[in-house]
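Trainee: Sharing a structure, written as structure tokens. Questions coming.
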Amino acid sequence: MRWIMNNIVNISNLGNDINGNQENGSFKYVAYVLLTLILMFIVAYIAWKATKKKREKRKMEKIENKKANETLMLYYEFILTYKLIIDFTQKEFQKFENKETNYKMGQIKSGAKKLLIKLITRDDFAFSFQNDEKYAEFVRNAELLTLTQPNLWNKKIANVLTFFENQFNSIPKEKFNEKLELITIDTIRKQFYEK
1 MRWIMNNIVN ISNLGNDING NQENGSFKYV AYVLLTLILM FIVAYIAWKA
51 TKKKREKRKM EKIENKKANE TLMLYYEFIL TYKLIIDFTQ KEFQKFENKE
101 TNYKMGQIKS GAKKLLIKLI TRDDFAFSFQ NDEKYAEFVR NAELLTLTQP
151 NLWNKKIANV LTFFENQFNS IPKEKFNEKL ELITIDTIRK QFYEK
């Protein structure tokens, strides 16, 4: 700061001629303008530095909120897919029991198991839900559903089926994507018995 003041004094003295007379004060005016600009720059820098943490915090909050919203939308997609796989599998078992299908019990079980394993091994499943306490119950139920034989779901893990039913019904209408539902149903039909 002392250096700045000495230089400003030197700059203001430039306006004096050899005899010590001031030419017209324009050099002093320039010196004061420069001093003002330098002081404004210093004040702006200090203010910028002081608010930097707040700005970074706000930016991080926005990023976290965006990630949480994206994770929630992904959660809704997973709930929809799990619910549709459960419904499709149960309909296939009903057809099997009523002898309305040519597929065997083993084919139905392996079809459901294959789709559930595809879901639970997706990268976005592990990345978004695995270490998030908010989705711990969902992960636990998805694992139980995958590990349990589909023909025993109603007997052994009825609470898991209820969980997926309740979560599906709790999806807000504005977040529900009917187009995604149709695409998912079509994909399940195509991949269920595919080898």
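Residue numbers for the sequence shown follow the UniProt record's numbering, so the first one is 1 and each next one is one higher. Glycine is no exception: its CB is placed at the ideal position from the N, C-alpha and C atoms.
#1: Return the first residue and the last residue of the alpha helix (DSSP H) that Leu-72 is part of.
#2: Out of Asp-186, Ile-42, Glu-64, Ala-68, point me to the one whose CA is closest to Tyr-135's CA.
#3: Rounded to the nearest angstrom, what separates Asn-151 and Pro-172 at their Cα positions?
#4: Which residue wins for smallest C-alpha separation from Gln-167, given the options Ala-50, Met-105, Tyr-103, Asn-141?
#5: Once DSSP output is grouped into helix, strand and coil, what is the label at Tyr-193?
#6: Excluding the 5 residues flanking Leu-144 on each side, which residues of the same chain have their C-beta closer than 7 Å to its C-beta?
#7: Hey, quick one: how far does the alpha helix (DSSP H) through Ile-117 stretch, first residue to last?
#8: By DSSP, does Gln-130 sit in helix, in strand, or in coil?
#9: Work out the CA separation of Leu-84 and Phe-163 for me, nearest whole Å.
#10: Quick one: grab the DSSP three-state call for Gln-149.
Mentor: In short, the structure shows the following:
#1: Where Leu-72 is concerned, the enclosing alpha helix (DSSP H) stretches over 26 to 97.
#2: That would be Ala-68, whose Cα lies nearest to the Cα of Tyr-135.
#3: Their Cα atoms are separated by approximately 31 Å.
#4: The shortest Cα separation from Gln-167 among Ala-50, Met-105, Tyr-103, Asn-141 belongs to Asn-141.
#5: Looking at Tyr-193 - three-state DSSP - the assignment turns out to be coil, as it is neither helix nor strand.
#6: Close CB contacts of Leu-144 within its chain, under the 7 Å cut and outside five residues either way in sequence, are with Ile-157, Val-160 (chain order).
#7: Per DSSP, Ile-117 belongs to the alpha helix (DSSP H) from 105 to 120.
#8: The answer is coil: DSSP assigns Gln-130 none of H, G, I, E or B.
#9: Phe-163 and Leu-84 have their C-alpha atoms roughly 14 Å apart.
#10: In the three-state reduction of the DSSP assignment, Gln-149 falls in the coil class.
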